[in-house]
Amino acid sequence: MNISEKNTTTNGSSTGTFQDSRFLKFCRNCSTQTAMPENSPYAQLLRMGRDLLVAPDIDRLLSDAVDMLIGYSKAEKGIIALFGAKGELIFETARTLERADIANPELEICRCIVDEVKKTGKPLCSHNTTISEKVKQFSKFAATPELDFICLPFVHNEVVFGLLYLEAHKSSEIFSSDKCFFIGSFADFISHAAFRALEHKQLSERVNELEMELRGKYEFEAIIGHDPKMIRILKLVSQIAATDATILIEGESGTGKELVARAIHYNSHRRDKPFVPVNCGGIPKHLLESELFGHVRGSFTGAISDKIGWFERAQGGTILLDEISEMSIDLQVRLLRVLQTGEYAKVGSTKISYCDARILAASSKRLRSLVDRGLFREEVFYRLNVIDIHLPPLRERKQDILILANHMLRYYAKKYRKPSLQLSAGAEHALMTYAFPGNVRELENAVQHAVVLAEGGLVERQHLPLNLLQESDGLTDGQSFSSFKSAKQKAVRAFESKYITDCLNVTNGNIRKAADLAGIDVKNFHMKIKQHGINALAFKKAT
9 MNISEKNTTT NGSSTGTFQD SRFLKFCRNC STQTAMPENS PYAQLLRMGR DLLVAPDIDR
69 LLSDAVDMLI GYSKAEKGII ALFGAKGELI FETARTLERA DIANPELEIC RCIVDEVKKT
129 GKPLCSHNTT ISEKVKQFSK FAATPELDFI CLPFVHNEVV FGLLYLEAHK SSEIFSSDKC
189 FFIGSFADFI SHAAFRALEH KQLSERVNEL EMELRGKYEF EAIIGHDPKM IRILKLVSQI
249 AATDATILIE GESGTGKELV ARAIHYNSHR RDKPFVPVNC GGIPKHLLES ELFGHVRGSF
309 TGAISDKIGW FERAQGGTIL LDEISEMSID LQVRLLRVLQ TGEYAKVGST KISYCDARIL
369 AASSKRLRSL VDRGLFREEV FYRLNVIDIH LPPLRERKQD ILILANHMLR YYAKKYRKPS
429 LQLSAGAEHA LMTYAFPGNV RELENAVQHA VVLAEGGLVE RQHLPLNLLQ ESDGLTDGQS
489 FSSFKSAKQK AVRAFESKYI TDCLNVTNGN IRKAADLAGI DVKNFHMKIK QHGINALAFK
549 KAT
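Be aware that the sequence shown starts at 9, since it is given in our numbering, and climbs by one per residue.
Now the structure itself:
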């Protein structure tokens, strides 16, 4: 179970907290013993409590704790198990009297015992009559009825998160009142370590999950594209990722410059260090120097303390200077020194720092053009332009539009808990005939918009943003007049689609009435609906 969940036990047990009265009573008993033998169980318990506070290896400590408890009680088997997120048992340690690991601990403990302890939050032993019949049906107890057991819950904030289980033959009489008191006190001690182990496991699993998700997102395979231009770019990126070469990534807004930069970082030897994106155009020019290099206290009005800059934060990793064309000429002089030597000084300081970070730059404007116009320093341009990657706009890679759209469709359907979705022929046609001035970012926005509005398993044309539909219905600036004939065909298709949609809207989705209204026979009307990818059911109004 997730340790953050709330599951109040019936007795309000507080096992695993230092307020437990049984634990306090045990401490008072220990304090009255004037000469406690070093190897007494009480001395061992106190040492174990001390170790629990500082133990770096919780798994090893729990194993040692079970060995100690078995050695004291002469139990033949001891198990510590925690509950996973779905209620499954996670066996932390399972040991025998001979201090050997139990190969299949799940076969050693009856599930009805586990369920009862988890449900009630109370200790359970073989003398309990409420589940004795169920226990007897368990194969091991049926074959060996003289077995005795005790099972104690681990509880934190009234949530049962694990258990301690001991087992022995009844002839050994291990569960006397004195020993049960000690075992219960011991369980309080080690429940803290068990809770730490559960927290650590859940946090580690979440970190690993997020790390795999992050790295998977920026693998080269995650950059989708079958267009020859994109294939060449991906090949180039795979070749240069392992180097520390400075790279300039150019392309229109929304073409995926930061995505490519992240792919370079997460496929390089710097992947375990920070990736720091800095939008030079989003920071006021008078503050950008301080943001990049940091400053010392008193270096200017308002500098009330030292500040770490982005170059320092990126140490060992990668820094992306996005929209670098917006950087002032004066600040480019300071950047040039970093590019040449890796050295810089904080604002207001003369102390030299060294930046060990790979520098990537991105721009939606062509820097070469800015250099020619005197708006960007030539020497900085050449330092940045060791490798140049130019990302094509989406309108120049038409064959990737539907591939990208379907990928985004799956992603957002899952995110918004929608059923599996498909694009209708009409929606596909609208996407393919639109110029996408906002490139991949605009396509993603359009798909997200459609997923939110879609009903059933089909994304219809009318689910797409209105501006996209209006532009795709007519000729846009990004398209050319190939011929009068093709322009006319396109206009006719747009008229037919809108006319059929209007007829269906008026007739509440009744195809026969819509065909009569249009003066077209039903068979021909059906054919046109199919050609334009229109879903007549979408026009039926709820009654």
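Glycine is no exception: its CB is placed at the ideal position from the N, C-alpha and C atoms.
Listed in chain order, the non-local C-beta contacts of isoleucine 248 below 8 Å within the same chain comprise Ile255, Ile272 and Ile395, local neighbours out to five positions each way being set aside.
Sorting Ala454, Asn112, Leu70 and Gly302 by C-alpha distance to the C-alpha of alanine 202 places Leu70 at the top. Rounded to the nearest whole angstrom, the CA to CA distance from valine 388 to isoleucine 337 is 10 Å.
By the 16-neighbour rule on beta-carbons within 10 angstroms, valine 286 is buried. Contact between the stretch 375-392 and the stretch 307-319 is absent: fewer than three C-beta pairs spanning the two stretches fall below 8 Å. The three-state reading of DSSP puts alanine 502 in helix, counting H, G and I together.
In the displayed model, leucine 431 falls within a strand according to three-state DSSP. One alpha carbon belongs to valine 341, the other to serine 298, and they sit about 14 Å apart. Sequence-distant partners of cysteine 288 (beyond 5 residues in either direction) whose C-beta falls short of 7 Å from its own C-beta, in its chain, are Leu296, Leu329, Asp330, Glu331, Ile332, Glu334 and Met335.
In its chain, beyond the 5 residues on either side, Leu97 and Phe99 have a beta carbon closer than 8 Å to the beta carbon of glutamate 114.
For the stretch 263-325, the full-length beta strand (DSSP E) segments reaching 3 residues or more read 283-287 along the chain. Per DSSP, the continuous beta strand (DSSP E) segment holding cysteine 159 begins and ends at 155-164. Nearest C-alpha to glutamate 175 among Ile87, His540 and Lys373: Ile87. For alanine 413, the uninterrupted alpha helix (DSSP H) segment begins and ends at 409-423. Contact check for phenylalanine 169 against leucine 242 fails: the beta carbons are separated by 8 Å or more. The stretch 364-379 makes no contact with the stretch 409-416; the number of CB pairs closer than 8 Å stays below 3. For threonine 349, no beta strand (DSSP E) run applies; the uninterrupted alpha helix (DSSP H) run containing it begins and ends at 337-349, by DSSP.
For alanine 89, the enclosing beta strand (DSSP E) starts and ends at 85-91.
Straight across, the Cα-Cα distance linking valine 448 with isoleucine 110 is about 55 Å. In this structure, glutamine 470 sits away from tyrosine 420, with a CB-CB distance that is not shorter than 8 Å. For arginine 103, the secondary structure class from DSSP, reduced to helix, strand or coil, is strand. For glutamine 323 and isoleucine 360, the gap between their C-alpha atoms comes out near 15 Å. Taking the Cα of valine 284 as reference, the smallest distance to any Cα among Ala365, Val379, His540 and Ser212 is reached at Ala365. In this structure, the beta-carbon distance from isoleucine 397 to isoleucine 257 falls below 8 Å. Of Pro473, Val304 and Val459, the smallest CA-CA separation from valine 467 is found for Val459. DSSP, reduced to helix, strand and coil, places arginine 403 within a helical segment of the structure shown. For leucine 328, the secondary structure class from DSSP, reduced to helix, strand or coil, is strand. When the five nearest sequence neighbours on each side are left out, the beta carbons in the same chain lying within less than 7 Å of the beta carbon of isoleucine 508 are those of Lys536, Ile537, His540 and Ile542, in order along the chain.
The beta carbons of leucine 300 and glycine 317 sit closer together than 8 Å.
Note that the C-beta distance between leucine 512 and phenylalanine 547 is below 8 Å.
In the displayed model, valine 394 falls within coil according to three-state DSSP, outside both helix and strand.
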